[in-house]
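Asker:
Number of protein chains: 6
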Amino acid sequence: MDPLNFTHILTQAVDELSESKSYQGLFHQHKDGEPLPSARVLCEIIELARAIIFPGYFGNSTINSRTITYHIGVNTEKLFNLLSDQILSGLCFASGPDCDCCTDSKREEAGRLSAQFISRMPELRRILATDVVAAYNGDPAAESIGEVISCYPAIKAISNYRIAHELLKLGVPLIPRIITEMAHSETGIDIHPAAKIGEYFTIDHGTGVVIGATSIIGNHVKIYQGVTLGAKSFPLDDDGKPIKGIARHPILEDNVIVYSNATILGRITIGKDATVGGNIWVTEDVPVGARIVQPTAKK
Amino acid sequence: MDPLNFTHILTQAVDELSESKSYQGLFHQHKDGEPLPSARVLCEIIELARAIIFPGYFGNSTINSRTITYHIGVNTEKLFNLLSDQILSGLCFASGPDCDCCTDSKREEAGRLSAQFISRMPELRRILATDVVAAYNGDPAAESIGEVISCYPAIKAISNYRIAHELLKLGVPLIPRIITEMAHSETGIDIHPAAKIGEYFTIDHGTGVVIGATSIIGNHVKIYQGVTLGAKSFPLDDDGKPIKGIARHPILEDNVIVYSNATILGRITIGKDATVGGNIWVTEDVPVGARIVQPTAKK
Amino acid sequence: MDPLNFTHILTQAVDELSESKSYQGLFHQHKDGEPLPSARVLCEIIELARAIIFPGYFGNSTINSRTITYHIGVNTEKLFNLLSDQILSGLCFASGPDCDCCTDSKREEAGRLSAQFISRMPELRRILATDVVAAYNGDPAAESIGEVISCYPAIKAISNYRIAHELLKLGVPLIPRIITEMAHSETGIDIHPAAKIGEYFTIDHGTGVVIGATSIIGNHVKIYQGVTLGAKSFPLDDDGKPIKGIARHPILEDNVIVYSNATILGRITIGKDATVGGNIWVTEDVPVGARIVQPTAKK
Amino acid sequence: MDPLNFTHILTQAVDELSESKSYQGLFHQHKDGEPLPSARVLCEIIELARAIIFPGYFGNSTINSRTITYHIGVNTEKLFNLLSDQILSGLCFASGPDCDCCTDSKREEAGRLSAQFISRMPELRRILATDVVAAYNGDPAAESIGEVISCYPAIKAISNYRIAHELLKLGVPLIPRIITEMAHSETGIDIHPAAKIGEYFTIDHGTGVVIGATSIIGNHVKIYQGVTLGAKSFPLDDDGKPIKGIARHPILEDNVIVYSNATILGRITIGKDATVGGNIWVTEDVPVGARIVQPTAKK
Amino acid sequence: MDPLNFTHILTQAVDELSESKSYQGLFHQHKDGEPLPSARVLCEIIELARAIIFPGYFGNSTINSRTITYHIGVNTEKLFNLLSDQILSGLCFASGPDCDCCTDSKREEAGRLSAQFISRMPELRRILATDVVAAYNGDPAAESIGEVISCYPAIKAISNYRIAHELLKLGVPLIPRIITEMAHSETGIDIHPAAKIGEYFTIDHGTGVVIGATSIIGNHVKIYQGVTLGAKSFPLDDDGKPIKGIARHPILEDNVIVYSNATILGRITIGKDATVGGNIWVTEDVPVGARIVQPTAKK
Amino acid sequence: MDPLNFTHILTQAVDELSESKSYQGLFHQHKDGEPLPSARVLCEIIELARAIIFPGYFGNSTINSRTITYHIGVNTEKLFNLLSDQILSGLCFASGPDCDCCTDSKREEAGRLSAQFISRMPELRRILATDVVAAYNGDPAAESIGEVISCYPAIKAISNYRIAHELLKLGVPLIPRIITEMAHSETGIDIHPAAKIGEYFTIDHGTGVVIGATSIIGNHVKIYQGVTLGAKSFPLDDDGKPIKGIARHPILEDNVIVYSNATILGRITIGKDATVGGNIWVTEDVPVGARIVQPTAKK
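Protein chains in written order, with numbering that gives the first Met the number 0: chain A, 0 to 298; chain B, 0 to 298; chain C, 0 to 298; chain D, 0 to 298; chain E, 0 to 298; chain F, 0 to 298.
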């Protein structure tokens with residue numbers, strides 16, 4: 000088989016792969032100026048947000064109290080510009096192929112949403128500060144607040160979740176999910192951006208944690224690696240497809256602790272101060288203050 | 000201790016580390032022009048393959064139906080060139096240090112294997128389209144096909160697996176394993192490239208999933224995070240080393256569902272339409288249509 | 000809302016975010032020349048260490064036995080320089096904001112610690128060689144030692160742990176934890192740098208493994224994905240905060256095997272040659288040679 | 000002087016440098032979405048144009064005649080997109096700070112100009128092919144057409160000029176000048192984009208060549224390094240500033256040769272087939288077919 | 000000749016090249032932490048300085064008057080840090096191999112010099128503004144001040160010179176020369192950092208201009224491409240080497256114009272308002288208001 | 000004109016530009032694995048060569064005498080590998096489109112040439128050391144040998160020339176010319192790689208210098224900026240094209256000095272110890288020890 004044959008195979012594969020029947024449903028056609036949201040840019044956005052929220056720990060690390068305003072100013076302006084563009088992409092994506100969407104008015108809307116997000120960053124920082132305290136207090140191996148902020152995966156995952164959740168509340172499509180999946184890939188912690196989570200939340204180690212879209216979590220909750228807050232089953236519509244939007248994940252009230260690899264399924268309530276042991280499967284309500292554990296292993 | 004002492008310590012460590020006795024077994028000696036397969040290039044190859052299979056979602060996002068042939072053409076040619084080089088590296092690696100392998104004939108063979116892979120890409124795309132449908136239909140939180148393609152870890156892991164599996168079927172050494180490990184690192188989903196998996200396959204959340212080398216999975220199968228399809232134990236040879244190549248992982252027939260953190264071990268069969276509950280340990284056949292669950296937790 | 004309004008929102012958010020009350024506890028102020036340890040540089044350090052320990056598999060892949068000294072020499076010197084700088088950053092971080100720390104004497108100390116680390120690299124390589132053998136012998140799917148070194152996540156995670164553990168023994172602050180968290184993100188395997196682990200250690204698949212700070216692991220131990228060696232509970236001090244430094248994680252003696260998703264909690268001992276089955280919860284000592292498994296699932 | 004003093008000096012300098020009086024006339028204020036044309040992007044645009052015009056010599060060098068359409072297609076689309084954005088920036092720059100310019104209609108205009116430029120590229124290539132022939136025929140040291148295309152500075156400078164000249168004819172502001180200055184920096188050849196230059200034009204060596212804005216050059220002209228086609232003097236307006244737009248540079252008719260370091264000034268005509276010797280100063284018309292040289296040196 | 004022979008040739012060349020006799024005089028030995036000034040970092044320093052002096056034209060181009068302080072603040076702090084490090088390298092370089100120079104006190108000195116440079120930047124900007132005006136007024140082809148700032152090589156070369164000259168006045172070794180050579184490479188204009196140049200200075204086109212170390216240039220001077228302000232000859236010391244530091248370059252008084260390729264040599268004075276024609280060789284004083292030109296060419 | 004019209008214009012331009020008639024003579028078709036020499040890689044090769052010849056001044060600047068062998072070893076091996084590949088590309092380019100050239104034997108030849116080049120590097124370094132001395136001794140503004148090596152354009156241009164000249168002597172096609180054009184672009188000094196140049200050669204400032212292909216230059220020669228050693232005219236063949244390979248450039252004997260902007264044309268000889276003044280045009284032999292200057296300017 001000589002090189003020209005290779006070229007022949009290539010051009011034939013290209014022809015097949017370029018037939019519209021072949022790529023139907025797997026192809027995103029753009030009109031001019033309407034790219035998809037970019038994972039690379041969203042990654043830069045998250046880095047800027049971390050640098051603004053935790054100055055000196057992320058981003059330019061030689062910041063000091065006299066020059067902090069410069070750095071926060073520049074980072075905030077960059078964040079605004081990048082986020083406006085990404086939100087515009089998200090809005091265009093959600094509008095579908097037939098709308099005439101990348102107009103001046105869509106651009107204006109994207110800018111407004113981006114500015115609203117930024118106006119909520121001081122509050123975002125306040126809540127994340129409670130999560131940092133919870134992580135530090137909850138881990139005897141933590142040697143300093145600085146160690147927690149700079150290397151705990153929980154802080155990364157929860158930061159991304161809280162940022163994504165704000166964007167989702169503002170009605171921004173697609174982007175919140177990409178942001179939480181970025182943290183999922185980085186930390187193994189999968190929190191759906193639509194979940195509702197109170198203050199002083201922490202996750203220890205974290206790999207394998209799943210928190211579903213309709214989960215509700217109170218304040219001072221702590222969960223360990225491998226914990227699932229999932230759906231037990233979900234009603235199907237007439238076409239046999241799952242009905243979207245039904246509350247189907249657990250509620251964890253204040254001060255609940257869930258140990259590693261526990262699986263809690265369905266719209267059940269784990270009552271205030273309850274403790275759920277590791278490696279167990281919970282599909283019914285757990286009363287306030289209860290403590291449930293796995294049956295003993297056989298030797 | 001002055002700087003010159005540091006240099007002295009360094010040069011002594013270098014001498015020790017450069018003794019052949021020290022690096023024996025940990026050193027890969029290359030002959031000219033025979034580098035190892037490169038993780039960085041394989042990463043680029045995967046990005047090109049994704050851009051070809053899902054045009055507009057990966058790679059150049061401003062593609063449209065009039066110019067799609069240009070983009071698929073360029074990406075396919077790049078893929079062919081990069082893949083030919085990597086396959087050549089893989090062939091040289093597998094031939095061991097004594098062969099005279101980087102000859103024109105090896106180069107020709109690498110080109111032929113690369114072209115064969117590319118000729119299978121239309122079929123690869125067809126099967127991946129079924130996986131996308133399965134992921135969308137199986138998740139009430141999925142808002143669009145586009146969201147599934149662009150951010151679901153299952154699609155990333157299954158794409159890499161299906162690409163790696165094709166390469167393994169063509170007899171390409173080492174590279175298939177590197178490709179699935181790349182997805183393992185990105186998604187926490189570890190699918191051995193030798194596993195056999197049917198159409199409409201999906202994995203929800205996915206972190207911690209392990210699918211062993213001799214697993215066989217039918218059509219329309221769904222598994223959740225933390226599920227293991229593993230080996231129970233494996234026979235050792237006379238030197239106490241595991242005998243390679245024995246069928247030792249489970250068979251999952253069509254329409255099986257396995258919930259989170261379940262562990263299924265050994266060459267057993269989970270029958271058609273069966274459901275395996277979460278957090279359980281299964282080492283025996285499960286009949287067609289059966290439903291097995293964990294014993295109740297103690298309160 | 001016109002662009003100037005957006006600017007107004009931005010400058011207001013910047014003002015709020017730059018108030019010292021807002022960033023208190025979340026801000027790391029540096030004095031001149033005292034940056035935080037850098038994740039990017041530590042990543043480069045790990046790549047250099049891998050290239051030195053496994054020549055030809057990582058780093059410059061066209062190395063051969065005549066030129067190996069050049070490559071190990073250059074990489075070792077680079078490693079020394081980068082590591083000295085990072086250790087200096089770590090020492091400054093640990094000294095807190097009031098000390099006058101980036102002096103010539105701190106710089107000298109950082110250089111000395113870096114040189115000591117390098118003098119231990121031949122021994123580090125010797126131990127990692129045993130881990131490679133253990134991974135190869137323990138996995139029937141492993142086709143060559145080369146495959147194990149170049150793509151097994153266990154080797155990546157254990158390399159980082161062993162490097163971090165040496166640094167921790169030298170008294171280097173913060174950096175060991177960042178290094179193990181880097182492997183955690185890459186592999187899903189979370190080994191605390193303070194854990195003590197013997198030779199011929201291996202982890203199969205690995206996602207979700209957690210090995211706590213005071214764990215002690217003997218020689219020839221093998222664990223599977225999702226295994227936790229954790230703390231059961233920990234005593235609190237008068238302020239309700241966990242007391243740091245108490246032995247609270249398990250001891251695994253020589254030749255122990257722990258199957259997937261098992262959870263072993265507290266300062267208990269898993270005796271020599273014992274086997275712990277998957278998906279179980281162990282909080283009491285397991286005798287030498289014992290084999291414990293999960294109770295049977297309900298059908 | 001302690002670090003805090005340095006910070007004090009810095010913040011004071013920042014305050015002075017941020018006063019509007021200080022930066023007046025040196026500051027380009029942008030409204031949202033109106034960046035300046037970017038040197039980096041224009042550089043990418045030139046590389047794309049070279050790759051389209053001289054396929055295989057620039058850009059992807061492994062092109063062949065079967066796949067050339069793919070490459071030219073992708074490069075042309077990229078060029079269109081990048082150029083549209085840069086033209087938009089140029090239009091906004093030229094409109095000044097008070098217009099409301101980045102509207103949908105400006106965007107449409109930029110796209111139209113970019114498309115018009117692309118429709119002229121086949122003709123651009125045809126003319127550049129004549130310049131390549133002239134360079135090859137005019138230099139005994141040239142060993143092949145390929146050598147001329149891939150490394151002669153004249154080809155780089157003339158390509159940039161011809162591209163810039165087309166854009167200038169389309170009315171695109173600022174960008175043509177940036178493009179010729181890029182070639183000036185790369186080759187030392189400074190051709191104003193408004194000059195008019197015929198076919199089969201070549202420049203030997205080229206460093207120091209200056210061709211002014213109102214120069215007119217016929218076909219088959221050759222000039223050497225250090226040649227200036229400049230203005231002798233220019234009339235001033237009532238404010239003592241030069242009046243813009245007056246024809247003030249030389250006309251070189253067909254087949255003229257100008258040797259190194261000659262200086263030709265003012266709106267004079269160098270007649271057909273004339274030769275101008277090196278290191279001389281010409282401020283009056285030169286007749287058709289004449290040959291002028293420097294007076295003899297003194298020994 | 001087989002690959003091993005190549006390796007043999009290589010190792011032999013390495014041995015020869017590593018002999019101290021071979022590299023004597025061409026080798027710069029560093030002590031720890033004393034690198035040479037870095038061209039790459041100095042390039043970044045120049046970009047920062049341009050972004051501070053001409054905000055919106057260089058650096059972040061989306062700056063506006065409300066956020067300008069943030070950008071200038073961040074850029075100034077970055078400039079201070081990078082410049083301090085480079086000055087330290089320069090001081091160590093100048094101290095020679097035997098001093099014990101990278102001490103805390105040298106670091107303090109470098110910081111102080113860097114801060115002093117920054118405190119002079121407002122004045123630097125004021126003078127550069129006069130050069131911009133001169134370039135715009137002196138060129139009928141200039142369409143706007145913005146065009147002059149963003150693409151005229153004269154502005155780049157004069158900016159680098161003025162920055163380098165300030166550093167030289169502060170006593171910083173080596174770095175000023177590197178900075179002017181960077182502009183020389185970019186623009187073909189070679190201004191020695193020790194030259195003294197007044198306000199409203201401009202250079203048209205510029206390639207080939209040379210301004211020697213002891214030149215003195217008044218206000219409102221304009222020179223064209225290819226002009227040399229050089230030394231005629233220089234006295235040698237007893238070893239036949241040129242005596243350093245003697246005034247040996249021309250003085251150009253206010254309002255002098257020098258046309259292209261003129262060569263002015265020796266410590267002579269070109270009087271106020273004088274004009275020097277192109278392509279001539281001047282080695283004697285030119286009176287105030289005089290006009291000298293080349294003898295007529297022969298036809 | 001709507002977006003689809005733009006697409007229409009694009010696809011039409013692509014069709015025209017992809018017609019073989021349009022790109023004829025401007026297209027370089029490659030067979031598999033036969034790319035053109037790469038400017039980017041040749042740039043890296045030059046940086047490696049500079050780092051080997053002037054250790055500590057270029058490349059890794061923290062080198063010291065104990066570790067110098069490591070650095071030179073690694074750089075030499077890298078240089079060998081990169082240069083072998085580039086020479087192979089050059090050989091394929093020179094063989095034209097019809098040969099079957101990228102065979103194992105061509106690869107072997109490229110390796111041998113690359114090794115031969117490396118074996119000449121010690122001698123290359125010895126000669127360059129004489130050029131450095133000449134530059135230092137010839138310039139009263141030079142403050143140290145280190146300044147000369149690290150920032151004088153003459154050293155850059157002459158290094159590239161000497162490297163290119165060695166490659167040309169070995170019979171390597173195309174690459175020598177690319178290497179000298181790289182220096183031409185960086186420094187404005189254009190030395191043809193075929194010129195023959197003795198020891199202790201220096202060029203002051205250098206912009207605009209041209210040294211033609213058949214020039215011969217003795218030892219201890221010094222030339223200034225803007226000097227041309229060119230051809231006066233060249234005989235044409237029957238097709239009116241210049242006959243290649245005829246000696247047509249000047250001979251400069253030992254100790255000659257040529258001042259700025261002088262133009263010396265034709266196969267003439269400038270005798271030993273002669274001096275040629277600036278801005279003059281020389282087309283006849285200059286006797287040993289003579290001194291020629293420009294006629295006086297008119298006032």
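The beta-carbon is built from N, C-alpha and C at its ideal position, and this holds for glycine as well.
Since the model is a prediction, treat every value here as computed from it, not as a measurement.
Since residue 102 of chain B and residue 84 of chain F are thought to touch, with beta carbons under 8 Å apart, how far apart are those beta carbons, to the nearest angstrom?
Answerer: Translated into positions along the second sequence, residue 102 of chain B becomes position 103. Translated into positions along the sixth sequence, residue 84 of chain F becomes position 85. At roughly 17 Å, the Cβ-Cβ gap does not stay under 8 Å, so residue 102 of chain B and residue 84 of chain F are not in contact.
Asker: Distance, Cα to Cα, residue 134 of chain F vs residue 111 of chain F?
Answerer: Reading the sixth sequence from its first residue, position 135 is the one you call residue 134 of chain F. Reading the sixth sequence from its first residue, position 112 is the one you call residue 111 of chain F. When rounded, the distance between both Cα atoms is 34 Å.
Asker: Can you list, in chain order, the residues of its chain whose CB lies under 8 Å from that of residue 241 of chain C, leaving out five sequence neighbours each side?
Answerer: Here residue 241 of chain C refers to the residue found at position 242 of the third sequence. Once the five neighbours on either side are set aside, the close Cβ partners of residue 241 of chain C are 233, 234 and 235.
Asker: So, are the CB atoms of residue 285 of chain F and residue 265 of chain F less than 9 Å apart?
Answerer: For this step, residue 285 of chain F is matched to residue 286 along the sixth sequence. For this step, residue 265 of chain F is matched to residue 266 along the sixth sequence. No, Cβ-Cβ distance for residue 285 of chain F and residue 265 of chain F is not below 9 Å.
Asker: DSSP on residue 189 of chain E, reduced to helix/strand/coil?
Answerer: Walking along the fifth sequence from the start, residue 189 of chain E turns up at place 190. In this structure, residue 189 of chain E counts as strand in the three-state DSSP scheme.
Asker: Using the C-alpha atoms, what's the distance from residue 79 of chain C back to residue 328 of chain C?
Answerer: Missing from the structure shown is residue 328 of chain C; chain C here goes from 0 to 298 and no further.
Asker: According to DSSP, is residue 264 of chain F part of a helix, a strand, or is it coil?
Answerer: The count along the sixth sequence starts at 1 and reaches residue 264 of chain F at position 265. Note: residue 264 of chain F maps to strand in three-state DSSP.
Asker: Below 9 Å between beta carbons is the criterion; list the residues of the region 69 to 82 of chain E that meet it against any residue of chain A, in chain order.
Answerer: Residues 69, 70, 71, 72, 73, 74, 75, 76, 77 and 80.
Asker: Could you tell me if residue 176 of chain B is buried or exposed, where buried requires 16 or more neighbouring beta carbons within 10 angstroms of its beta carbon?
Answerer: The residue labelled residue 176 of chain B in the question sits at position 177 within the second sequence. Under this definition residue 176 of chain B is a buried residue.
Asker: In three-state terms, what does DSSP make of residue 203 of chain A?
Answerer: Working through the first sequence from its first residue, we reach residue 203 of chain A at position 204. Strand at residue 203 of chain A.
Asker: Label residue 49 of chain D either buried or exposed according to how many other C-beta atoms from any shown protein chain fall within 10 Å of its C-beta, with 16 as the threshold for buried.
Answerer: As a working mapping, residue 49 of chain D is identified with position 50 in the fourth sequence. With 16 or more Cβ atoms within 10 Å of its Cβ, residue 49 of chain D is classed as buried.
Asker: Output the residue ranges of the beta strand (DSSP E) runs that lie fully inside the region 233 to 288 of chain A and measure 3 residues or longer, sorted by chain position.
Answerer: Listed in chain order, they are 262 to 264.
Asker: Quick one: does residue 299 of chain E have its CB under 9 Å from some CB of chain F?
Answerer: Given that chain E is displayed from residue 0 to residue 298, the structure contains no residue 299 of chain E and the question cannot be resolved.
Asker: Counting pairs of beta carbons, one from the region 273 to 288 of chain A and one from the region 252 to 259 of chain A, are three or more of them closer than 8 Å?
Answerer: Contact holds: three or more Cβ-Cβ distances are below 8 Å.
Asker: Using beta-carbon positions only, say whether residue 6 of chain C and residue 186 of chain E come within less than 9 Å of one another.
Answerer: Mapped onto the third sequence, residue 6 of chain C falls at position 7. Mapped onto the fifth sequence, residue 186 of chain E falls at position 187. No, the Cβ-Cβ distance between residue 6 of chain C and residue 186 of chain E is not below 9 Å.
Asker: Using the Cβ count rule (16 or more neighbours within 10 Å means buried), how would you classify residue 4 of chain E?
Answerer: The sequence position of residue 4 of chain E within the fifth sequence is 5, counting from 1. Per the 10 Å Cβ criterion, exposed.
Asker: Could you check if residue 179 of chain C belongs to the surroundings of the ligand ADP, using beta carbon to heavy atom distance under 8 Å?
Answerer: With respect to the ligand ADP, the structure shown offers nothing to examine, as it has no ligands at all.
Asker: Do the region 192 to 206 of chain F and the region 123 to 134 of chain F meet, that is, are 3 or more Cβ pairs less than 8 Å apart?
Answerer: Output reads yes: the region 123 to 134 of chain F touches the region 192 to 206 of chain F.
Asker: So, at 6 Å on beta carbons, what are the nonlocal neighbours of residue 223 of chain D in its own chain, with the 5 sequence-adjacent residues on each side left out?
Answerer: Translated into positions along the fourth sequence, residue 223 of chain D becomes position 224. For residue 223 of chain D, where only same-chain residues beyond five positions count, the Cβ hits under 6 Å are 203, 258 and 259.
Asker: Spell out whether any CB of chain A is found under 9 Å from the CB atom of residue 44 of chain B.
Answerer: As a working mapping, residue 44 of chain B is identified with position 45 in the second sequence. Answer no: the Cβ-Cβ gap between residue 44 of chain B and chain A never drops below 9 Å.
Asker: Along chain E, which residues have their Cβ under 7 Å away from the Cβ of residue 65 of chain C?
Answerer: To locate residue 65 of chain C, count along the third sequence from 1; it is residue 66. Neighbours of residue 65 of chain C on chain E, chain order: 6 and 10.
Asker: For residue 34 of chain C, which residues in the same chain have their Cβ closer than 6 Å to its Cβ, ignoring the five residues on either side in sequence?
Answerer: For this step, residue 34 of chain C is matched to residue 35 along the third sequence. Taken in chain order, the residues that qualify are 88.
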